[in-house]
Structure formats: structure tokens, C-alpha cells
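Engineer: Just passing along the structure, written as C-alpha cells.
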Amino acid sequence: MDYGSLSTTGVLAMTGAGVSVLTGLWLPIAVVFIVVLAVIAVRVWFRPGKSIDEI
Numbered sequence: 001m002d003y004g005s006l007s008t009t010g011v012l013a014m015t016g017a018g019v020s021v022l023t024g025l026w027l028p029i030a031v032v033f034i035v036v037l038a039v040i041a042v043r044v045w046f047r048p049g050k051s052i053d054e055i
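In terms of full-length UniProt numbering, the sequence shown opens at residue 1 and continues consecutively.
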């Protein structure tokens, strides 16, 4: 059995798992952050007569 290719496959699998876990953790946070920013931007830009301090 070729232990070189086995260890490489194991490292790639562990790296892929780590990346998927990080993506799974950060993707919802990023989506929520973008949505919050979009809501704030909409409230700022589509309320004429309101200054940023009054919101």
C-alpha cells in the first residue's frame, strides 16, 4: 500500500473538512451581516427628511 498517497489523501480530506466547517460557520454570519447592512442602507437612503442621527 502506498502510504504517501494515503497520507496526502488524508491531509486533503482533513483540509477539506476544515474548510467546509469554517465556511459553514462564517457563511451565515456573513449573510446576516450583509442583510443588516442592506436594511440600514435602505432605511438611510429611502427616508428623505431624516438625518442619520435621527434614525
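Cβ atoms here follow ideal geometry from the backbone N, Cα and C, with glycine treated the same way.
With DSSP run on the structure shown, which of helix, strand or coil describes residue 33?
Structural biologist: Here the question's residue 33 lines up with position 33 in the sequence shown. Three-state DSSP puts residue 33 in a helix.
Engineer: Between the C-alpha atoms of residue 13 and residue 27, what's the straight-line distance to the nearest angstrom?
Structural biologist: Stepping through the sequence shown from its first residue, residue 13 is reached at position 13. Stepping through the sequence shown from its first residue, residue 27 is reached at position 27. Going from the Cα of residue 13 to the Cα of residue 27 covers about 20 Å.
Engineer: Quick one: residues in its chain with C-beta nearer than 8 Å to the C-beta of residue 36, no 5 flanking neighbours on either side, listed in chain order?
Structural biologist: As a working note, residue 36 is residue 36 in the sequence shown. Cβ neighbours of residue 36 beyond the five flanking positions: none.
Engineer: From residue 62 to residue 10, what does the alpha carbon distance come to, in whole angstroms?
Structural biologist: The requested residue 62 does not occur in the structure, where the chain is confined to residues 1 to 55.
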